[in-house]
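Taking it in order: structure first as structure tokens, then the write-up.
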Amino acid sequence: MIPESKIKELVQARIEGTKLFIVDINVSLSNKINVLIDGYDGVTISDCIDVSRGVEHNLDREAQDFELEVSSAGLDAPFAVSEQYKKNLGKEVKVYTHDGRKHEGELCYFDEEKIIITYQKKIKIEGRKKKEWVTQREEYFFESSEKEKKIRDTKVIISFK
3 MIPESKIKEL VQARIEGTKL FIVDINVSLS NKINVLIDGY DGVTISDCID
53 VSRGVEHNLD REAQDFELEV SSAGLDAPFA VSEQYKKNLG KEVKVYTHDG
103 RKHEGELCYF DEEKIIITYQ KKIKIEGRKK KEWVTQREEY FFESSEKEKK
153 IRDTKVIISF K
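Shown next, in the form of structure tokens:
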């Protein structure tokens, strides 16, 4: 079996100096290698081909047969690495919490402990007749004892506006 660390090393060498980053690498017992990449400017087919060739040319099929698949993380896939949060700062996201609820808003802050999203909500303001739109902020944590604040998944909202 080809070690994941070797594949990661080869992919990292190939994408160094680009705006691409590794999302996931998986090597099965039968040497089926799956590499998921993403990038700050997106991922093209050419990027996938380039990474695939970079890995394939550095492995010996005579010594160990393998199957290699390089693809982008996908638009609707949950974020898996911190770079995906950084890439999507300022964009609309859906945050799914461990209590089963979904929250939508603009991803305005990210660090290794938490994210902050902002959203608009109509609220009755004292002394006024009508409800008014007010910007709300919510914090969600990667590790938390409160299920309603602990992040299960985060996905970007795809909009065709």
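Here the sequence shown is numbered in this note's numbering, starting from 3 and rising by one per residue.
For glycine and all other residues, C-beta sits at the position ideal for the given N, C-alpha and C.
Measuring only the C-alpha atoms, how far is residue i from residue j?
i	j	result
Pro5	Arg154	29 angstroms
Lys123	Glu148	23 angstroms
Lys131	Ile125	11 angstroms
Gly76	Gly129	48 angstroms
Lys157	Asp113	16 angstroms
Phe1	Leu31	Past the edges of the chain, shown from 3 to 163, lies residue 1, and the structure says nothing about it.
Ser84	Glu94	16 angstroms
Gly56	Asp78	27 angstroms
Glu11	Lys133	56 angstroms
Ile117	Tyr142	5 angstroms
If you reduce the DSSP assignment to three classes, tell me which class residue i lands in.
i	result
Gly41	strand
Ile153	strand
Leu12	helix
Arg103	coil
Val83	coil
Asp62	coil
With a cut-off of 8 angstroms, does the C-beta of residue i fall near any C-beta of chain C?
i	result
Asp78	Looking at the structure shown, chain C is missing, and only one protein chain is on hand.
Pick from the options: whose alpha carbon is nearest that of residue i?
i	options	result
Asn36	Val53, Thr46, Leu22 and Gly44	Val53
His100	Lys151, Lys163, Ile27 and Val136	Lys151
Ile9	Lys21, Asp43, Gln138 and His59	His59
Arg164	Tyr121, Ser146, Lys133 and Glu145	Residue 164 falls outside the range modelled here, since the chain spans only 3 to 163, and no answer is possible.
Ala65	Ile27, Met3, Ile117 and Gly92	Met3
Asn28	Leu22, Ser73 and Ile47	Ser73
Under the assumption that residue i contacts residue j (Cβ atoms under 8 angstroms), give the Cβ distance between them as a whole number of angstroms.
i	j	result
Asp43	Val25	Between Val25 and Asp43 the Cβ distance is about 15 angstroms, and since that is not below 8 angstroms, they are no contact.
Please return the same chain residues whose Cβ sits closer than 8 angstroms to the Cβ of residue i, not counting the five positions on each side in sequence.
i	result
Asn90	Phe81, Leu109 and Val158
Gln14	Ile24
Only counting the same chain, and skipping five residues up and downstream in sequence, which positions put a Cβ closer than 6 angstroms to that of residue i?
i	result
His105	Val97
Glu71	Asn36
Lys21	Gly41, Tyr42 and Asp43
With a CB to CB cut of under 7 angstroms and the five nearest residues on each side skipped, what residues in its chain are close to residue i?
i	result
Lys88	Phe112
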